[in-house]
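Okay, so the first sequence: first residue is 1 according to full-length UniProt numbering, each after it adds one.
Heads up, the beta-carbon is just placed ideally off N, CA and C, and yes, glycines get one too.
Please read all numbers here as calculations on a predicted model, not as lab measurements.
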Amino acid sequence: MKINRKRKNEKDVEELEQSKKNLKIDHNKGIHKKKVTDKSKTNNDKQNPQKKNDKDSKQPSKNIDIPKTGNSKSHQIKSNNESFKKNSKKNTADSNLIEFRKELPIWQERNNLVQELKENDTIIIMGEMGSGKSTQTPQFLVEAGLITLKKGIIAISQPRRVAAISLASRVSHEFGTKLGQKVGYSVRFDDKTSHSTLMKYLTDGMLLRELLSDPLLLKYSTVILDEAHERTMRTDILFAMVKKAQETRKNSINQKGKKYEHLKIIIMSATLDAAKQFPVTINYSSEPQSDYLDAALTTTMQIHMDQPKGDILVFLPGQEDIEILEKLINDYGTSLPPDKLKVITCLLFAALPTEQQTKVFNLAPPGTRKIILATNIAETSITIRGVRYVVDTGKCKIRKFNAKIGMESLSIENVSKNSADQRLGRAGREAPGICYRLFTEDEYNKMEKDTEPEIKRCNLSSVILLLKALEIDDVLGFDYMDAPSRTLLKKALEHLYILKALNNQGKITELGKKMAEFPLEPSYARVLIASQELSCTREAIEIVSLLSVDSIFFSPQDQREHASDAKKKFMSPFGDLITFLNVLRSYETQKGNSEWCYQNFINRRNMKHVIDVRKQLIQLCTRMGIPTNSSCGNEYEIVLKCMLCGFFRNSAILQPTNNYRTVFSNQSVNIHPSSTLFNKKLEAVMYTELVLTSKPYMKHVSAIQSNWLYDTAPNIQE
DNA sequence: GAGCACTGC
Numbered sequence: 001m002k003i004n005r006k007r008k009n010e011k012d013v014e015e016l017e018q019s020k021k022n023l024k025i026d027h028n029k030g031i032h033k034k035k036v037t038d039k040s041k042t043n044n045d046k047q048n049p050q051k052k053n054d055k056d057s058k059q060p061s062k063n064i065d066i067p068k069t070g071n072s073k074s075h076q077i078k079s080n081n082e083s084f085k086k087n088s089k090k091n092t093a094d095s096n097l098i099e100f101r102k103e104l105p106i107w108q109e110r111n112n113l114v115q116e117l118k119e120n121d122t123i124i125i126m127g128e129m130g131s132g133k134s135t136q137t138p139q140f141l142v143e144a145g146l147i148t149l150k151k152g153i154i155a156i157s158q159p160r161r162v163a164a165i166s167l168a169s170r171v172s173h174e175f176g177t178k179l180g181q182k183v184g185y186s187v188r189f190d191d192k193t194s195h196s197t198l199m200k201y202l203t204d205g206m207l208l209r210e211l212l213s214d215p216l217l218l219k220y221s222t223v224i225l226d227e228a229h230e231r232t233m234r235t236d237i238l239f240a241m242v243k244k245a246q247e248t249r250k251n252s253i254n255q256k257g258k259k260y261e262h263l264k265i266i267i268m269s270a271t272l273d274a275a276k277q278f279p280v281t282i283n284y285s286s287e288p289q290s291d292y293l294d295a296a297l298t299t300t301m302q303i304h305m306d307q308p309k310g311d312i313l314v315f316l317p318g319q320e321d322i323e324i325l326e327k328l329i330n331d332y333g334t335s336l337p338p339d340k341l342k343v344i345t346c347l348l349f350a351a352l353p354t355e356q357q358t359k360v361f362n363l364a365p366p367g368t369r370k371i372i373l374a375t376n377i378a379e380t381s382i383t384i385r386g387v388r389y390v391v392d393t394g395k396c397k398i399r400k401f402n403a404k405i406g407m408e409s410l411s412i413e414n415v416s417k418n419s420a421d422q423r424l425g426r427a428g429r430e431a432p433g434i435c436y437r438l439f440t441e442d443e444y445n446k447m448e449k450d451t452e453p454e455i456k457r458c459n460l461s462s463v464i465l466l467l468k469a470l471e472i473d474d475v476l477g478f479d480y481m482d483a484p485s486r487t488l489l490k491k492a493l494e495h496l497y498i499l500k501a502l503n504n505q506g507k508i509t510e511l512g513k514k515m516a517e518f519p520l521e522p523s524y525a526r527v528l529i530a531s532q533e534l535s536c537t538r539e540a541i542e543i544v545s546l547l548s549v550d551s552i553f554f555s556p557q558d559q560r561e562h563a564s565d566a567k568k569k570f571m572s573p574f575g576d577l578i579t580f581l582n583v584l585r586s587y588e589t590q591k592g593n594s595e596w597c598y599q600n601f602i603n604r605r606n607m608k609h610v611i612d613v614r615k616q617l618i619q620l621c622t623r624m625g626i627p628t629n630s631s632c633g634n635e636y637e638i639v640l641k642c643m644l645c646g647f648f649r650n651s652a653i654l655q656p657t658n659n660y661r662t663v664f665s666n667q668s669v670n671i672h673p674s675s676t677l678f679n680k681k682l683e684a685v686m687y688t689e690l691v692l693t694s695k696p697y698m699k700h701v702s703a704i705q706s707n708w709l710y711d712t713a714p715n716i717q718e
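Okay, structure coming up:
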């Protein structure tokens, strides 16, 4: 195993700069990194260190043996570490757990890793999925005595809450303690930590929240940022903030005139798990496909006719395509020759109710072949066994924010090379597989290497408010891993200014500080604060909670009309927001009865989330001195005026030509057909979201009066 | 008369 030793601590800043480049440019190259590989590879590397990079940049389809078990180093490590021995004695029944841990590729790096962290403040660990880096690293450090309640505990941040929870359960089991004691987790609505917690798995959003009250993260001696390669907006910001905390702790003294403990940072990033895979043959399209859906149908049925058993996974950009293809395949399936396997289709996308999602894990019954139609949820988040064939359209939906017109859109675009390779890998998890790419090799070569990071294409209002709350005044000159465009930044600053979260110097106001406390987009936070004066906090909290889910309704494809009839019962002439409020009232009268939900096409899972959010917001408001029992009753004009305090920019006036134009940017806009006010002609409307699909559509529309705008629009007229 | 990639506080 080749490890490039790092220089000492004083070079940290440079190291981090370098690491940023590593993360940004190439996961497989660069000097300052530690790579966790399987053993077969390790031995190879020892003999042929020069060949290492060549190997890593190979096509994932290359045939590489799965690592064999057995570890010559384990004896030495075991005898070297007394604390580990003690721990293992406590749980003789779980001795095979220790054996399991020893089999993990990262085990042999145990001593090196501890040593590296003693000598350096920042290290980067790169490893394949399943190398054990997320579960073992914290345990190694605790066992080596680097993490104690006195020195500070360790935080391991994760982009997804399920990952935080399941990692914590796994590790607490391995560590032989009850979940919530030595090992715990902290995610929204659920905290399983205690005063004795040493290893704390938490979502990146949670760690960002902690920064607000503890900017130097003094609770922690070490912070691990896991899955840093995913480049979510939150990990990007965390990376910079944690680094800043590290520098401050190194260069300043605390109130007692003492030096702070150094903050250790570990960045973890996954490489494609090619080394653990069976070979996958790639079949490219011989020519570009004009209709990916048609190509997907033809290819899938061709595989079914020609290839031996094994399930087929088809990657499509969205729900609509998935539902169309499902129908086409099932139609086709009825005309198959009787001697052929039957086909069964499984759908997989995030909006699908959980019970239906779990159906994909059922094995195909004898005599059938399972065809899974999925979005990129199956690329990383969910792994399905039994897949031997992957059909990749090479497309995905990407959310983009157009700062100039303040509009979001979801557009279908080509995936990155990395995504395509990840999709391909799904065919080779249990046996050799085949991947059919519905694009040419030339098209593949022209794809971007990685998906553009979120921070370069999304609405930045809440991120900028957070930075301002963290006393970062110069957000344009901030140390971003990838800097967003000036247009995006300026749009966010402007938005925060007109919400009065920032003053005309760009400094955060008292109001802005309060807004940053809420786990909400700034506009929604503004609404809650305004509700105090207007005495409608109860309704404001409820509406904001209702808007925190995608949809409180569900409409299965085959029952669309019934669903829209059911919706009519809740309809209010004030529009969608009050309609949502009516749904919540009825839901509570019915005590969340599942039969009632089903009959009224109410999404029960999402309603439960609404109730959770409401509870959290009530607690937060109470803590901030906003009375939460004030109510406007049925005088809905009041709560709509209150909503306008956050959304006055989102207003449109009916023109003599019978279409709507936005008040502040004079764009032509339309009421979305899903709105209860669709086809209604109203003097003025307010919406919470503007989306560009076939037309610019306003979503969540309410009826307002244009003279309300003069009362609520603040900084704009000043 | 339209549509909903995926996460998170």
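Can you check DSSP and say which residues form a bridge with residue i?
i	result
R369	V343
E128	T271
L202	S157 and S186
L225	S157 and I267
F315	A374 and D392
residue 738	Any answer about residue 738 is impossible in this case: the structure gives the chain only from 1 up to 718.
I412	K397
R437	Y284 and D392
residue 726	With the chain represented from 1 up to 718, any question about residue 726 goes unanswered, as that position is not in the structure.
Any idea if residue i is buried or exposed, counting beta-carbon neighbours within 10 angstroms, 16 or more meaning buried?
i	result
G646	buried
Q505	exposed
F315	buried
V162	exposed
H195	exposed
E320	exposed
Q246	buried
L690	buried
Q705	exposed
F189	exposed
M624	exposed
K85	Legend: pLDDT at K85 = 37, less than 50; position of this residue unreliable, value from coordinates given subsequently. Answer is exposed; the Cβ neighbour count stays below 16.
K219	exposed
K490	exposed
P556	exposed
D236	buried
S702	buried
Can you name, in chain order, every residue of its own chain whose Cβ lies under 7 Å from the Cβ of residue i, other than the five neighbours on each side?
i	result
R526	L499, M515, C645 and G646
N48	Any reading at N48 is ruled out, since the residue's pLDDT is 33, under 50, leaving its predicted position unreliable.
S416	M447, E448, K449, D450 and T451
L104	S131, G132 and Q136
T622	T628
L328	L297
T248	L216
R101	W107, Q136 and E174
R423	F315, E379, V390 and D392
W708	K641 and L644
Pop quiz: residue i and residue j are said to be a contact at Cβ under 8 Å. What is the actual Cβ separation, rounded to whole angstroms?
i	j	result
S630	T712	Wrong, their Cβ atoms sit about 18 Å apart, outside the cutoff.
L167	I154	No, L167 and I154 are not in contact; Cβ-Cβ is about 13 Å, not under 8 Å.
Once you ignore the five residues that flank residue i on each side, which residues in its own chain have a CB closer than 6 Å to its CB?
i	result
E174	L97
V223	A155, V242 and I265
E441	Y284
Sorted by chain position, which residues of the same chain lie with C-beta nearer than 8 Å to residue i's C-beta, five sequence neighbours on each side aside?
i	result
N254	Y260
residue 763	Nothing can be reported for residue 763, as the shown portion of the chain is limited to 1 through 718.
L502	K468, L493, L496, I508, T509 and G512
R614	I541, E542 and S545
S594	R604
L528	F518, L520, T537, A540, I541, V544, L617, C621 and I626
G310	R369, G386, V387, R388, Y389, A431 and G433
3 or more residues per run - each beta strand (DSSP E) lying fully within the segment 600-678:
Runs found: 651-654, 660-662 and 668-671.
What alpha helix (DSSP H) runs, 4 residues minimum, are completely inside the segment 494-531?
Restricted to the segment 494-531, the alpha helix (DSSP H) segments that are unbroken, complete and at least 4 residues in length are 510-517, listed in chain order.
Could you tell me which whole alpha helix (DSSP H) segments of length 4 or greater appear in the segment 553-577?
Fully enclosed alpha helix (DSSP H) runs of 4 or longer: 560-568.
Could you pull out every unbroken alpha helix (DSSP H) segment of at least 4 residues lying fully inside the segment 447-475, listed in chain order?
If we require 4 residues or more, the alpha helix (DSSP H) runs fully inside the segment 447-475 come out as 461-469.
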